[in-house]
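**Student:** Using full-length UniProt numbering, read the sequence shown as starting at 1 and increasing by one per residue. Every residue, glycine too, gets a C-beta built ideally from N, C-alpha and C. Just so we're clear, the structure is a prediction, and the values are computed from it rather than from any experiment.
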Amino acid sequence: MLRYIMKRMAALIIILFGLSVLTFCLTNILPSDPAQQMLESMGAGSDPEVIGKIKEEYGLDQPLAVQYKNWLGGVLHGDFGDSVKYGQPVSEILARKLPNTIKLACSSFLLMLVIALPLGILSAVYHNRIADYIIRFLAFIGEAMPSFWIALLLIYLFAVKLHVLPVGGSESMKHLIMPAVTLALGMAASYIRRIRAAMLEEMSEPYIMGELSRGVSRKRIVLRHVLPNSLLTIVTLLGMSFGGLLGGTMIVETIFSWNGIGSAAVSAITNRDYQLIQGYVMWMGVIYVCVNLAVDIFYRYLDPRIRLGGMEK
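#1: Using 10 angstroms around the beta-carbon of L308, count the other beta-carbons present and answer buried if the total reaches 16, otherwise exposed.
#2: Is it the case that the region 167-187 contacts the region 107-125, given that we only count it when at least three CB pairs across the two stretches are under 8 angstroms?
#3: Do F256 and G186 have their C-beta atoms closer together than 7 angstroms?
#4: W149 lies in the alpha helix (DSSP H); which residues open and close that run?
#5: If you draw a straight line from the alpha carbon of H293 to that of Y4, how long is it in whole angstroms?
#6: Taking DSSP as the reference, what is the three-state secondary structure of D273?
#7: Going by CA-CA distance only, name the one from P63, F17, K85, E56 that's closest to I277.
#8: Apart from the five residues just before and just after K313, which ones in its own chain have a Cβ nearer than 6 angstroms to its Cβ?
#9: Quick one: complete alpha helix (DSSP H) runs, 4+ long, within the region 107-145?
#10: Go ahead and pull the three-state DSSP assignment for P99.
#11: Which residue wins for smallest C-alpha separation from V21, given the options I221, Y68, P63?
#12: Does the distance from the CB of E143 to the CB of A95 come in under 7 angstroms?
#13: Could you tell me which residues DSSP pairs with residue 321 in its beta bridges?
#14: Compare the Cα-Cα distances from residue 396 to each of E253, L104, L232, S172 and report the closest residue.
#15: By the 10 Å Cβ neighbour count, where 16 or more other Cβ atoms means buried, how is A65 classified, buried or exposed?
#16: Span of the alpha helix (DSSP H) holding V235?
#17: DSSP beta-bridge partners for P89?
#18: Ordered along the chain, which non-local residues of its own chain (more than five positions away) have a Cβ less than 7 angstroms from that of M284?
#19: Can you check whether the CB of V289 is closer than 7 angstroms to the CB of L2?
#20: The alpha helix (DSSP H) with T249 in it runs from where to where?
#21: Give the list of continuous alpha helix (DSSP H) stretches no shorter than 4 residues that lie fully inside the region 192-221.
#22: How far does the alpha helix (DSSP H) with V167 in it reach, from first residue to last?
#23: With DSSP run on the structure shown, which of helix, strand or coil describes L231?
#24: Can you list, in chain order, the residues of its chain with a C-beta nearer than 7 angstroms to that of I251? Leave out the 5 residues immediately preceding and following it.
See below:
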């Protein structure tokens, strides 16, 4: 197992290295001058002499390969450079906004599981009956509605009409409710259908009929066999969904003025803050490769049939 983990970590390091090269090159070939942006952010005009001094100070006049080497050396020490918009180190900005993103991600993910698991199970157990039709219809409606539309509906109902929840912010638990519900409803609609499909596929296996013929109750079969085996098929999807939430949800965080990583990314793109964009992309890359590794390890423990190359090594 340790050998497997080490091999996967080596592969993930290569992926992150490739991502760093791609991120740095793409942000540096864009038609924009970072030195010019720094002057504009300070309201200092565009004096060519000053721009030249800024480029020399930050090494922007060096060849691209040298700039990448210096940037990568800083990244390995947690230094992504300074944000043009905020005038602060990118690592400090991300670290300051990360707790809010984690809070929103965990809340919405747990709420999604609370909604999707029971409804997905009920839809499969009562296949082609009235409960199944109702749940599938609601799931279809939920999938058809984009997250920003759900957010606007919640704002109109609970903030504008009922005045029970604040429109935006991230200072208290009240501010957390609407963005968490918005994300949870969108994900739950998708996972209800996935859980239902996985359970129906498992319930069609021959061993289920064998259990029923031996007099084992349907409830016991569902809880002890069908549900655990079905969830194996969506563990990876759940992991990647959680990874995406940890990376920040740009639209929802922006609509609700949630002070998280996603809203910082939107601000960076709007203001062409390439240092912050690079930091955000690398953060997303680290999150996804770490979640992917964790899911692979967890999957092997859940299903003993999973082996490297089809056999235990």
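**Tutor:** To lay it out plainly:
#1: For L308, the predicted model reports a pLDDT of 48, less than 50, meaning its position is unreliable; a value from the coordinates is still stated below. With fewer than 16 Cβ atoms within 10 Å of its Cβ, L308 is classed as exposed.
#2: Remark: three or more beta-carbon pairs, one from each stretch, lie closer than 8 angstroms, so the region 107-125 and the region 167-187 are flagged as touching.
#3: No, the pair does not count as a contact, with Cβ atoms beyond the cut-off.
#4: Unbroken alpha helix (DSSP H) run through W149: 147-154.
#5: With the sequence shown as reference, residue 293 is identified as Leu, and His is not the correct amino acid for it. If you draw a straight line from the Cα of L293 to the Cα of Y4, it comes to about 10 angstroms.
#6: Reduced to three states, the DSSP call for D273 is coil.
#7: Answer by Cα proximity: K85.
#8: Low per-residue confidence applies at K313: pLDDT is 45, beneath 50, and the placement is therefore not dependable, though the value from the model is reported in the following sentence. The answer is none, since no qualifying residue turns up.
#9: Counting whole runs of 4 or more residues, the region 107-145 contains the alpha helix (DSSP H) stretches 130-144.
#10: P99 falls in the helix class under three-state DSSP.
#11: Taking only the C-alpha atoms, the option nearest V21 is Y68.
#12: Contact flag unset, no.
#13: For residue 321 there is no data in the structure shown, the boundaries of the chain being 1 and 313.
#14: With the chain running from 1 to 313 in the structure shown, residue 396 is simply not present.
#15: Taking every protein chain shown into account, the CB of A65 has fewer than 16 other CB atoms within 10 angstroms, so this residue is exposed.
#16: 235-246 is the span of the alpha helix (DSSP H), which, as asked, contains V235.
#17: Beta-bridge partners of P89 (DSSP): D82.
#18: Annotation for M284: G247 place their beta carbon closer than 7 angstroms to its own, counting only its chain and skipping 5 residues before and after.
#19: Against a cut-off of 7 angstroms, the Cβ pair of V289 and L2 comes out as no contact.
#20: Segment: none, T249 is in no alpha helix (DSSP H) and carries neither H nor E.
#21: As far as the region 192-221 is concerned, its whole alpha helix (DSSP H) runs of at least 4 residues are 206-213, 218-221.
#22: Neither: V167 is in no alpha helix (DSSP H) and is coded neither H nor E.
#23: Secondary structure of L231 (DSSP, three-state): helix.
#24: Hits under 7 angstroms: S147, F148.
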